[in-house]
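Top line first, the protein sequences correspond to chains A and B. Sequential numbering from 2 applies to the first sequence in my numbering. Sequential numbering from 1331 applies to the second sequence in my numbering. Where a beta carbon is used, it is the ideal one built from N, C-alpha and C, also for glycine. In this text the structure is predicted, and so the values were computed from the model without any measurement.
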Amino acid sequence: MNIAYLLLLAPAPALAGFGFLALAPFPMTRRPAALIGAVAGAAPFFIMLPVLFHCFGGGCDPAKIAPIMTLTFGETDVALALGLDGLSVIAGTTVSGIGALVLLYAVGYMAEERGRDVRRFFALMNLFVAGMLSVTLAADSIVFFLGWEIIGLCSFFLIGYYTDRPRALVGARKAFVMTRIADAALLAALLLLFLEAGSVRLADLIPAGVAMTPERQAMVAALLLVGALGKSAQLPFQTWLPTAMVGPTPVSALLHSATMVAAGAFLLARLAPIFAAAPMVAGVTAAIGLATAIFGAICALAQTDAKQMLAYSSISQIGFMVLALGLGAPGAAMAHFVIHAFFKSLLFLSAGVLSHSAGGSTAIRALAGGSARAPMAFLALAAGAASLAGLPFVTAGWYSKEAVLAAAWDAGVIGKLLWLLSLGAAAVTAAYAARLILAAAAPGAMNAAPNTDDRHSDDLARPSIRAPLVALAILALLGGVLVGPILHLLHEAHHDLAFIAVALGAIAPLLGAWVGYRLHAGGDAWLHTPFMRDARRGGQVDARYQAFVVRPFRRFKNRIARADPFEIRLPMPKVAAAEAEAAPIGGLLRRISRWRRARRPIRIRLPGWRAAEPVARLDLVGQATVSAGTFITRLATRALQPDRIDVAGTGAARAVGGFAEFVRRVQTGRVRDYLFALALGVGVLLLFA
Amino acid sequence: MMGGTMLIALLAASGGLFVAGAFGLVSRRGVLFQLISIEIMLGAPALAFIAAGAYHGNAAGQGMYVLVLALAAAEAALGLALYVRLRRGAAAEGSVGDSDGISELKR
């Protein structure tokens, strides 16, 4: 039997769990809801495991397909299917495995929430696991896009999980809108590929994409890149991810660090041949990835909130993946995807426990004393941070980051520059990881927040919280052994670095950690420098978007909406004359601006022309454009006024009403009228007879 | 026995009676007059039965006349009962002698 058919079972339990939790028509208390959610969400992992072993045994070559069903639209067959190859199995197993551990953790973590909310949470998490699995396992663009949209939707609902917090709702809306913009680009790219290939199978789309003319190829690749950047929160879409951290910790751990945001990297890896054929776009990809890695690392260093730091860290780490993909090394990117999923979910989960023990605060300062309050969570956090920093040889992060750096090293002269820059980003990564650990290791009160209720202090007593931490900590430290097999599975040669590169790569994290230690020991003064303040707000990109894009657009829109083609504003003669006399020679610009300020609206109006509101300021060019446009539109539509089809439609409607009014009069209620009609009818019938 | 001409004349008279009764029923508004008109309309078939029986020399025509008489009596009894009910309407509704006044079913 084709083992690929086993894949069809993988998203099924999670989908069933979602359906049951969402639709079961009876109330459910917290415990059964959590149990059902965790079991259904963990089941896919146990289906993916045998597939993974089969794959490591060489069962994935050649790629296999498990058809779901085929829809026929006219001449086109839309064949929905799941595919079994190295990429889908690696990503699918990672997603389902991390999903299982995070859901297990959530059983304990969410134990204090209300039953109704717990049910909603687990239903959405199950839907997410099913959606993410269909993204990773998809063998056609339809299932892929469907899963892509499902995870976007789940992300929206889960960011806004605390519906009574305005920040959560704002964050959810922001994430949704930002990713929607990118999704539109992705949809356009997939449709263009479909037109090119005449098939939705990825196995057909990719060769068709490779064989396209360079111009079309560049366009499709660029659109795909935009889609991936949006989902993965890369520059310039990165602003949604930090605000998405208002969701519960398991959501941040699973969706907004380990799996969903890495879906963009997965997309690029899946369609890597198209990017390999479009070197321009690949170069842009690498540049954006590197820029994001550096930007995210610096922003993470400047944070004062642990969850925010981890959010920027995710942005930065996915930047490394995108860099590797731009350099044509999807194997290295996927290796980093897997290892990053391990250590980032570990960081989030252990930070969640630490923040619970600190009375619910996620500030880095509040973590002080965490090593004494929750030693196990602290050790897990240390393991995750060491892996994030990429401490040489003893952590998994080192091996996957080396794979990425090696891909850069081998990419020619420019590659050496990229290597150097990404080494810098890695050093900054180590610095902020060290900051996080040192903050948690610092002495602090055993009970950091005595006035808050102590309900979360028993987190570590729950086995459902301890088990995922231990499992992920082991993976984050020893998962490095997986890098080789992953590269092998994706048919990518392991780059052998020169000794000097390995040595520098090993020194950089240590150097970064030392810088982090110095920063930690040196007090908080450096955090208040303008540069760090700016970085703490993510470069204030939001404010700049607002100033340079949103506000001008809104102004332009208002101008168009309000423009009154026959309104001309003239200056008040007296003031203008005084101004002109007072103005120095050469102060022409100033004079014009004063003239504009001293204007008075004079309206010249023709009947039938109306503006909604007075124009805010004189703008001859804008008004001329708009009035010319309006005039031409009016000319063009005059022949169609009034719209005859419209008139006919209204007339028909009126006729029906009138006829009904007429017929209604027949019913008088008078006996003799009815009798008369009866007699008349009988008489007519007799005449015919 | 009687001739064909006589039969035609009698049937014409019967038709005239029916039409007169129907006209009265449609044109009069008083319930009592309408009842009388119905009696006239009932008389028309009775006359037709008698004429046809006499023409064919068959007693069945006269038998049918007796049936029609019984029907007319029953109809008169029902109609008068309804008329009495209408005239005795509750004070709030007012008594009704006019068939145009009983049009509530229209609503």
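Roughly how many whole angstroms lie between the Cα atoms of residue i and residue j?
| i | j | result |
| --- | --- | --- |
| LEU242 (chain A) | ALA654 (chain A) | 53 Å |
| MET220 (chain A) | SER200 (chain A) | 19 Å |
| ARG673 (chain A) | LEU1337 (chain B) | 32 Å |
| HIS357 (chain A) | ALA264 (chain A) | 29 Å |
| LEU722 (chain A) | ALA334 (chain A) | Coverage of chain A is limited to positions 2 through 690, which leaves residue 722 (chain A) absent and any answer about it impossible. |
| TRP610 (chain A) | GLY659 (chain A) | Because TRP610 (chain A) carries a pLDDT of 49, less than 50, the predicted location of this residue cannot be relied on, and no value is offered for it. |
| GLY98 (chain A) | ILE207 (chain A) | 28 Å |
| GLY524 (chain A) | ALA442 (chain A) | 15 Å |
| ALA44 (chain A) | PHE557 (chain A) | 53 Å |
| LEU225 (chain A) | GLY652 (chain A) | 51 Å |
| LEU479 (chain A) | LEU102 (chain A) | 17 Å |
| ALA383 (chain A) | ILE438 (chain A) | 6 Å |
| GLY290 (chain A) | ALA25 (chain A) | 44 Å |
| ARG570 (chain A) | VAL550 (chain A) | Low per-residue confidence applies at ARG570 (chain A): pLDDT is 47, beneath 50, and the placement is therefore not dependable enough to give any value. |
| ALA67 (chain A) | ALA140 (chain A) | 8 Å |
| SER351 (chain A) | GLU76 (chain A) | 54 Å |
| GLY320 (chain A) | ALA427 (chain A) | 11 Å |
| ALA1400 (chain B) | LEU679 (chain A) | 25 Å |
| VAL1356 (chain B) | GLY1387 (chain B) | 36 Å |
| THR669 (chain A) | LEU676 (chain A) | 12 Å |
| LEU188 (chain A) | SER142 (chain A) | 9 Å |
| ALA408 (chain A) | GLU113 (chain A) | 46 Å |
| PHE129 (chain A) | PRO14 (chain A) | 12 Å |
| THR694 (chain A) | VAL622 (chain A) | Because chain A in this structure spans residues 2 to 690, residue 694 (chain A) falls outside the shown range and cannot be described. |
| ILE656 (chain A) | ALA169 (chain A) | Per the sequence shown, the amino acid found at residue 656 (chain A) is Ala instead of Ile. Looking at the two C-alpha atoms, the distance is approximately 54 Å. |
| PRO531 (chain A) | PRO469 (chain A) | 40 Å |
| ALA626 (chain A) | PRO553 (chain A) | According to the sequence provided, residue 626 (chain A) is Thr. The question's Ala does not apply to it. Their Cα atoms are separated by approximately 17 Å. |
Can you list, in chain order, the residues of its chain with a C-beta nearer than 6 Å to that of residue i? Leave out the 5 residues immediately preceding and following it.
| i | result |
| --- | --- |
| LEU138 (chain A) | LEU8, LEU83, SER89, GLY93 |
| PRO451 (chain A) | For PRO451 (chain A), the predicted model reports a pLDDT of 46, less than 50, meaning its position is unreliable; a value from the coordinates is still stated below. Cβ neighbours of PRO451 (chain A) beyond the five flanking positions: none. |
| ALA431 (chain A) | ALA390, PRO510, GLY513, ALA514 |
| PRO274 (chain A) | ILE207, VAL211 |
| VAL144 (chain A) | LEU81, SER135 |
| PRO33 (chain A) | none |
| ALA303 (chain A) | MET533, ALA536, ARG537 |
| ASP205 (chain A) | ALA198 |
Beta-carbon of residue i versus every beta-carbon of chain B: anything under 8 Å?
| i | result |
| --- | --- |
| GLY172 (chain A) | no |
| VAL685 (chain A) | no |
| PHE677 (chain A) | yes |
| GLY659 (chain A) | no |
| VAL672 (chain A) | yes |
| VAL669 (chain A) | Per the sequence shown, residue 669 (chain A) should be read as Thr rather than Val. Answer yes: the Cβ-Cβ gap between THR669 (chain A) and chain B drops below 8 Å somewhere. |
Any C-beta of chain A sitting closer than 8 Å to the C-beta of residue i?
| i | result |
| --- | --- |
| LEU1435 (chain B) | yes |
| ALA1406 (chain B) | no |
| LEU1372 (chain B) | no |
| ARG1359 (chain B) | yes |
| ALA1350 (chain B) | no |
| SER1344 (chain B) | no |
| VAL1414 (chain B) | no |
| LEU1355 (chain B) | yes |
| LEU1377 (chain B) | no |
Is residue i helix, strand or coil when you go by DSSP?
| i | result |
| --- | --- |
| LEU83 (chain A) | strand |
| PRO1375 (chain B) | helix |
| PRO695 (chain A) | The requested residue 695 (chain A) does not occur in the structure, where chain A is confined to residues 2 to 690. |
| ASP525 (chain A) | coil |
| THR638 (chain A) | helix |
| GLY682 (chain A) | helix |
| THR30 (chain A) | coil |
| ASP674 (chain A) | helix |
Between residue i and the rest of its own chain, which residues show a CB-CB distance below 7 Å, the 5 nearest in sequence each way excluded?
| i | result |
| --- | --- |
| SER1429 (chain B) | ARG1359, VAL1361, GLN1364 |
| GLY1334 (chain B) | none |
| LEU147 (chain A) | SER135 |
| PRO251 (chain A) | VAL103, TYR106, ALA107, TYR110 |
Report back the beta-carbon spacing between residue i and residue j to the nearest angstrom; my notes put them in contact at under 8 Å.
| i | j | result |
| --- | --- | --- |
| GLU493 (chain A) | GLY284 (chain A) | Actually they are not in contact, since the Cβ atoms of GLU493 (chain A) and GLY284 (chain A) sit about 20 Å apart, beyond 8 Å. |
| ALA287 (chain A) | LEU236 (chain A) | That belief does not hold up - the Cβ atoms of ALA287 (chain A) and LEU236 (chain A) are roughly 13 Å apart, past 8 Å. |
| LEU355 (chain A) | ALA375 (chain A) | 6 Å |
| ALA176 (chain A) | PHE157 (chain A) | 6 Å |
State yes or no: is the beta carbon of residue i nearer than 8 Å to at least one beta carbon in chain D?
| i | result |
| --- | --- |
| GLY682 (chain A) | Chain labels in this structure do not include chain D; the protein chains are A and B. |
Under 8 Å Cβ to Cβ from residue i, same chain only, skipping five residues before and after it: list those, please.
| i | result |
| --- | --- |
| PRO444 (chain A) | ALA369, GLY370, ALA373 |
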